[in-house]
Amino acid sequence: MENNEILEEIVLPERIGFLGSRSYDTVNGKIVKTTRLIFCDNCGCRLDENKLIVLCKICGKKLCSSHSCTFEYQRKHYCEEHIQQILPLTAHGFEILHCVLAELEPGKVRELANISNDDYREALNELLELGYVKEKGVSLFKTYKVLDRGILAWKTYLNAYVMQGDVAHFLQKSTEDSGVNGCLERF
Ligand SMILES: [Zn+2]
Ligand SMILES: [Zn+2]
19 MENNEILEEI VLPERIGFLG SRSYDTVNGK IVKTTRLIFC DNCGCRLDEN
69 KLIVLCKICG KKLCSSHSCT FEYQRKHYCE EHIQQILPLT AHGFEILHCV
119 LAELEPGKVR ELANISNDDY REALNELLEL GYVKEKGVSL FKTYKVLDRG
169 ILAWKTYLNA YVMQGDVAHF LQKSTEDSGV NGCLERF
């Protein structure tokens with residue numbers, strides 16, 4: 019198609035799952051060229067076609083390299099929705115894992131993250147059911163240990179949750195409390 023035949027050119031955002039496209043239509047005898055540019059299907063930022071573009075392994079969404087858009091797990095990339103299906107972890111669950119890994123009592127989360135007793139219980143039970151933590155001992159002597167899958171989940175979400183205001187605030191407070199740089203260096 020010769021450029022001089024094109025009377026109108028339209029630029030639109032590309033649809034989810036498509037990697038950019040160009041099409042030509044004839045409208046009222048005029049040739050209309052439509053170019054679709056690619057954007058991150060999660061946050062909407064413009065993607066550079068010449069750079070590495072990541073696609074969610076399950077839904078095919080195009081993702082930018084931001085830690086809140088792309089999650090890497092077992093060398094595959096996922097969008098947030100699908101990593102949450104494969105390896106679920108809420109912000110409160112992440113905070114509890116972080117406390118246990120930093121050798122703080124998990125109940126500290128209530129104070130450090132300012133969450134209710136019910137929210138704490140719910141998040142802790144979820145971690146137990148998912149096999150991320152294990153209870154040891156009984157009653158007052160009960161302690162918790164993070165299992166391998168819990169460490170994997172904590173690592174997978176670390177960069178994303180660090181960017182979330184309330185979790186960032188929690189991390190800062192937990193570092194002050196544990197007197198060490200948390201557990202970032204250890205894992
Ligand atoms: Zn993005
Ligand atoms: Zn997906």
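Taking this note's numbering, the leading residue of the sequence shown gets 19, the next gets one more, and so forth. Built from N, CA and C at the ideal position, the CB exists for glycine as well. Keep in mind it's a predicted model, so treat the numbers as computed, not measured.
Nearest to L130 by C-alpha distance, out of P106, T193, K163 and Y150, is T193. The beta carbon of C77 sits closer than 7 Å to those of C97 and H100, all from its chain and outside the five residues before and after it, given in chain order.
A distance criterion of 7 Å places the beta-carbon of Y179 beyond contact range of ligand 2, judged by its closest non-hydrogen atom. Contact between E153 and L146 holds: their C-beta atoms lie close to 7 Å from each other, under 8 Å. The alpha carbon of K51 has as its nearest neighbour, out of D59, R40 and N60, the alpha carbon of R40. Taking 8 Å as the cut-off, the Cβ atoms of K75 and N60 do not count as close. Y96 has its Cβ nearer than 7 Å to a heavy atom of ligand 2. In chain order, the residues with a C-beta atom nearer than 6 Å to some heavy atom of ligand 1 are C58, N60, C61, C63, L81, C82, S84 and C87.
Taking non-hydrogen atoms of ligand 2 into account, the C-beta of I71 is found less than 7 Å away from none of them. P106 carries a coil assignment under DSSP once its states are collapsed to helix, strand and coil. Taken through DSSP and simplified to helix, strand or coil, K79 comes out as coil.
For I71, no beta strand (DSSP E) encloses it, and the DSSP letter there is neither H nor E.
Taking each of F89, N132, V45 and L70 in turn and checking the Cα distance to L176, the smallest one comes out for F89. A straight line joining the alpha-carbon of N46 with that of L30 spans about 20 Å. In the three-state scheme derived from DSSP, where H, G and I count as helix and E and B as strand, S39 is classed as strand. When the Cα atoms are used, H116 and W172 turn out to be separated by approximately 7 Å.
In the structure shown, V185 falls within a helical segment according to DSSP collapsed to helix, strand and coil. Per DSSP, the continuous beta strand (DSSP E) segment holding E153 begins and ends at V151 to K154.
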